[in-house]
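Student: When you line the sequence shown up against this note's numbering, it's residues 10 to 76, in that order. Glycine is no exception: its CB is placed at the ideal position from the N, C-alpha and C atoms. None of these values were measured; they are calculated from a predicted model. Structure incoming, see below.
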Amino acid sequence: MKQLLEVVGFVSLVQGGMGLLHEFTDWHVGLVQRIGFLDGYEVYASVALIVLAFALFAAAEAVGNRG
Numbered sequence: 010m011k012q013l014l015e016v017v018g019f020v021s022l023v024q025g026g027m028g029l030l031h032e033f034t035d036w037h038v039g040l041v042q043r044i045g046f047l048d049g050y051e052v053y054a055s056v057a058l059i060v061l062a063f064a065l066f067a068a069a070e071a072v073g074n075r076g
């Protein structure tokens with residue numbers, strides 16, 4: 010379970026970072042800009058993905074310390 014949380018957290022962190030990179034440099038990377046209903050909210054979605062990643066890393070640590 011810990012490894013799954015870490016992998017999902019890593020993917021979330023990478024996608025959030027690539028979404029911010031796309032917004033500020035116009036490089037066409039990441040999946041956030043490809044989701045239609047997020048038009049105009051890409052920065053917020055990218056920041057939310059980064060926050061989610063840190064929450065998943067914290068949850069992975071809590072699961073790892075429990076067992």
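1) In whole angstroms, give me the CA-to-CA distance for Leu47 and Val23.
2) Going by beta carbon distance, what residues of the same chain come within less than 8 Å of Phe19, once the five residues before and after it are set aside?
3) Quick check: what's the CA-CA separation for Val16 versus Gly26?
4) Compute the beta-carbon to beta-carbon distance between Ala69 and Leu29, rounded to the nearest angstrom, for a pair I have assumed lies under 8 Å.
5) In three-state DSSP terms, what is Tyr53?
6) Could you tell me if Ala54 is buried or exposed, where buried requires 16 or more neighbouring beta carbons within 10 angstroms of its beta carbon?
7) Quick one: residues in its chain with C-beta nearer than 7 Å to the C-beta of Met10, no 5 flanking neighbours on either side, listed in chain order?
Tutor: With the given structure in hand:
1) Mapped onto the sequence shown, residue 47 falls at position 38. Mapped onto the sequence shown, residue 23 falls at position 14. Their Cα atoms are separated by approximately 18 Å.
2) Here residue 19 is taken as the residue at index 10 of the sequence shown, counted from 1. Closer than 8 Å at the Cβ level, and outside the excluded window around Phe19, lie Ala62.
3) The count along the sequence shown starts at 1 and reaches residue 16 at position 7. The count along the sequence shown starts at 1 and reaches residue 26 at position 17. Val16 and Gly26: Cα-Cα distance of roughly 15 Å.
4) Along the sequence shown, one-based indexing puts residue 69 at 60. Along the sequence shown, one-based indexing puts residue 29 at 20. Contact flag wrong, Cβ pair sits at about 23 Å.
5) As a position in the sequence shown, residue 53 is number 44, starting the count at 1. Per DSSP, reduced to three states, the secondary structure at Tyr53 is helical.
6) Within the sequence shown, residue 54 is the residue found at index 45, counting from 1. Ala54 comes out buried.
7) Position 1 of the sequence shown, counted from the start, is the residue given in the question as residue 10. Correct list, in chain order: Val72.
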